[in-house]
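Residue numbers (the numbering used here): 1 to 424.
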């Protein structure tokens, strides 16, 4: 039942969503789809956050590496009719090429296809000792991934998850619980002997999260190879920004209102309930529901004013939680031709993961906290124009190179550092 304030229209809006990244856009679009008068507020001049694309030297570049996986397992695209609003995906298979720094020097890598047998065939060319381990891994990991994706479509309650586990006859559930308590590195070592198989999983899991694969509780990061057997890897035609742009069009088509270049100053509370927001301009908008799709530190510690007493424990936890800085860097380069990867002939359209060893990744996590970068860092790179030529003029290509564990506060500072140059 809607609240009396919503039903009677006593407030400016039924719901206000702060932040027009892809999560905020999805939330706002569903609220508007449900008939609620919804306002979406974004501080930047464009929507999309890190899922956006931007113009660069006559091309279109993505803010982050653009491989969409988990989004495509949800019903969002169909329910919000995103294809009708311009979203079209290019399927990428193989979804990823994998190298370790050591195997790259020997010209040895392997490709991760959606089909398990194709993947094993590729793996067996250089790493036959890990073929049986990969079979054991997929038998264990794929049901756990399937359960995660199914759970994402259920309400996040114990009863709904219990019903899901029963419906699946517990397939994947015990392993999901067990793996979530272990370290990703420990799990990967239990299946694979080669760093060229272990390390890329740690790169696309814990390393992308900014934590060590040796950390207890990082175990679900060992599922990243299996995710690519369950979900199709895809890239939107026109760049990653086509996704948030289609969400924006869907939201506005359902009556939602978008305010860009509007920074939030305050989330207001009245009588132990949220009552709206105030912008940095001083303008206030009332609503009985406010959803923040922004970082918790800003939400709880900067913006929330006069919170109810029931929020005290939550606020105390976030006050004691150190705010994390960024830890990934990206280089986009405009090229006159497709580059070649020395010693390899695999096409560079799909993403190549170049991973340090598990020991080096663990060491790199500590170095990052100390403001340093590994000599051989974790790298994700591709030439997106091979598969998505709409991103650049016909005579040009783009190189996308993302480097992980790069501290926001580099020791000695970024100006004058040789870090970005040496990654190339």
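We put the beta carbon where it would ideally sit given N, CA and C, even for glycine.
Coarse secondary structure for residue i, derived from DSSP in three states
i	result
residue 23	helix
residue 89	strand
residue 7	With a pLDDT of only 48 at residue 7, under the threshold of 50, the placement of this residue in the model should not be trusted; the figure read from the coordinates follows. Residue state, collapsed to three classes: helix.
residue 96	strand
residue 319	helix
residue 360	helix
residue 36	coil
residue 63	coil
residue 46	coil
residue 81	coil
residue 265	strand
residue 351	strand
residue 280	coil
residue 28	helix
residue 381	strand
residue 390	helix
Closest by C-alpha distance to residue i, when choosing among the options
i	options	result
residue 120	48, 54, 197, 62	197
residue 270	279, 263, 282, 287	287
residue 116	202, 132, 106, 101	132
residue 153	337, 281, 76	76
residue 381	200, 300, 265, 24	200
residue 253	18, 122, 29	29
residue 27	418, 303, 248	248
residue 402	392, 360, 355	355
residue 272	289, 334, 229, 389	289
residue 67	215, 240, 393	240
residue 340	177, 424, 56	424
residue 331	420, 306, 81	420
residue 94	110, 140, 343	110
residue 106	410, 362, 370, 343	343
residue 351	72, 379, 128	379
Pairwise C-alpha distance: residue j and residue i
i	j	result
residue 245	residue 12	26 Å
residue 256	residue 297	27 Å
residue 326	residue 98	25 Å
residue 328	residue 376	14 Å
residue 366	residue 211	9 Å
residue 137	residue 206	18 Å
residue 317	residue 323	12 Å
residue 346	residue 383	12 Å
residue 353	residue 195	13 Å
residue 299	residue 285	17 Å
residue 217	residue 227	18 Å
residue 349	residue 399	10 Å
residue 185	residue 358	7 Å
residue 143	residue 219	15 Å
residue 301	residue 280	16 Å
residue 389	residue 45	26 Å
residue 89	residue 237	6 Å
residue 58	residue 336	13 Å
Range of the contiguous alpha helix (DSSP H) that encloses residue i
i	result
residue 116	116–126
residue 224	224–230
residue 244	242–253
residue 138	131–151
residue 180	173–180
residue 423	419–423
residue 101	101–105
Range of the contiguous beta strand (DSSP E) that encloses residue i
i	result
residue 18	15–18
residue 197	Residue 197 -> not in any beta strand (DSSP E); alpha helix (DSSP H) instead, spanning 195–202.
residue 332	328–335
residue 292	290–292
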